[in-house]
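Taking it in order: structure first as structure tokens, then the write-up.
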Amino acid sequence: MLNTTFANAKFANPFMNASGVHCMTIEDLEELKASQAGAYITKSSTLEKREGNPLPRYVDLELGSINSMGLPNLGFDYYLDYVLKNQKENAQEGPIFFSIAGMSVAENIAMLKKIQESYFSGITELNLSCPNVPGKPQLAYDFEATEKLLKEVFTFFTKPLGVKLPPYFDLVHFDIMAEILNQFPLTYVNSVNSIGNGLFIDPEAESVVIKPKDGFGGIGGAYIKPTALANVRAFYTRLKPEIQIIGTGGIETGQDAFEHLLCGATMLQIGTALHKEGPAIFDRIIKELEEIMNQKGYQSIADFHGKLKSL
Ligand code: RRO
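Going by UniProt numbering, the final residue of the sequence shown carries number 311, and the count climbs one at a time with no gaps.
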């Protein structure tokens with residue numbers, strides 16, 4: 001019922017982890033592989049291993065989460081080695097996703113060259129939106145720099161590639177970004193990363209709740225669902241149809257998933273709710289989405305995908 005075609009491959013269902021959650025180590029990744037998730041993605045990597053920011057750096061909140069992890073990861077080679085060993089030759093299972101987030105244009109290019117030269121046959125996600133490295137702005141908020149980077153990337157990169165974007169908040173920004181993205185043979189756009197640099201405070205302690213950056217961090221979960229849906233819809237209605245959408249942001253229930261699909265998302269990533277509930281969330285959310293589809297008489301996602309009505 002939830003069969004999904006994405007990047008010319010078939011997946012049993014659209015659900016996967018959002019990069020960063022439950023995917024730092026081989027143990028985490030193996031748990032995702034064994035779960036009901038239709039696909040899974042690695043933690044964004046840099047060429048060298050990074051410790052990331054000081055603790056506490058991730059806090060679950062009633063309505064979501066705040067994090068300033070600072071790109072902790074075990075290094076590009078660790079994840080490349082894992083994805084090479086775990087890419088599927090079996091046509092029943094979809095390909096694996098490999099996320100990278102270089103700290104500079106040169107680092108992104110260097111990692112993409114290594115991926116291009118390897119026998120990796122899965123899907124690469126270029127994270128242009130990490131909000132948490134002190135002194136490093138989110139690349140995708142700089143339209144010219146994003147266009148320049150993608151121009152360089154597509155001089156040599158021929159494998160399936162998607163970009164992870166931050167949320168945008170202005171219709172003109174959607175227009176500008178979509179026009180840039182439409183110039184390239186991108187496989188997909190993933191909207192959204194966390195809403196950068198929110199501030200959650202504990203009024204009793206009169207304190208911030210995470211240590212890095214004086215408490216400022218990326219916001220995820222229920223807080224950001226309307227922003228995520230807007231970004232999915234805005235890109236779905238502006239991008240050429242060859243560029244598919246991954247919807248990320250505030251997906252915790254079957255209803256949230258249904259809403260993202262209605263806006264035009266094809267795959268669905270879960271971050272905050274996966275962090276709270278663990279990989280068993282995939283069993284629950286699959287059942288909840290199927291239940292909604294049964295109630296509405298939909299036999300497949302194609303029956304309602306992208307078909308959000310206007311008034
Ligand atoms: O590691 C992080 O701090 C982080 C990253 Br790379 C990202 O893309 N999004 C986020 O919320 N945290």
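Using N, Cα and C, we set each Cβ at its ideal position, and we do this for glycine too.
DSSP places I100 in the uninterrupted beta strand (DSSP E) bounded by 97-100. Excluding its 5 nearest sequence neighbours in each direction, D77 has no C-beta neighbour in its own chain below 7 Å. CA-CA distance, I243 to T227, rounds to 20 Å.
With fewer than 16 other beta carbons inside 10 angstroms of its own, I201 counts as exposed. DSSP places F11 in the strand class (E or B) of the three-state scheme.
With 16 or more other CB atoms across the displayed protein chains lying within 10 angstroms of its CB, E259 is buried.
Within the region 208-283, the runs of beta strand (DSSP E) at least 3 residues long that lie entirely inside it are, in chain order, 216-220, 244-248, 267-270. Between the region 270-278 and the region 11-30, the count of Cβ pairs shorter than 8 Å is three or higher; the stretches touch. A contact is defined here as three or more CB-CB pairs under 8 Å, and the region 231-241 meets this definition with respect to the region 170-183. For the pair of segments examined, the region 35-55 was found not to touch the region 291-303: the number of CB pairs separated by less than 8 Å stays below three. Each of N294, M111, G215 was checked against the Cα of I66, and the nearest Cα belongs to G215. Distance from the CA atom of I123 to the CA atom of G198, rounded to whole angstroms, is 31 Å.
Counting along the chain, E93 sits inside no alpha helix (DSSP H), nor does DSSP assign it H or E at all. The continuous stretches of alpha helix (DSSP H) do not include N127, which lies in the beta strand (DSSP E) extending over residues 123-127.
Contact between Y188 and N231 does not hold, since their C-beta atoms are separated by about 13 Å, which reaches or exceeds 8 Å. Taking all protein chains shown into account, T248 has 16 or more neighbouring C-beta atoms within 10 Å of its C-beta and is therefore buried. For L181, the enclosing alpha helix (DSSP H) covers residues 171-181. Pairing N190 with I246 gives a Cβ-Cβ distance under 7 Å. Between K164 and S194 a beta carbon distance of about 11 Å is seen, past the 8 Å cut, so the two are scored as non-contacting. Of V59, Q138, L308, A12, the smallest CA-CA separation from A234 is found for L308. For the pair P95 and A12, the CB atoms are not nearer than the 7 Å cut-off.
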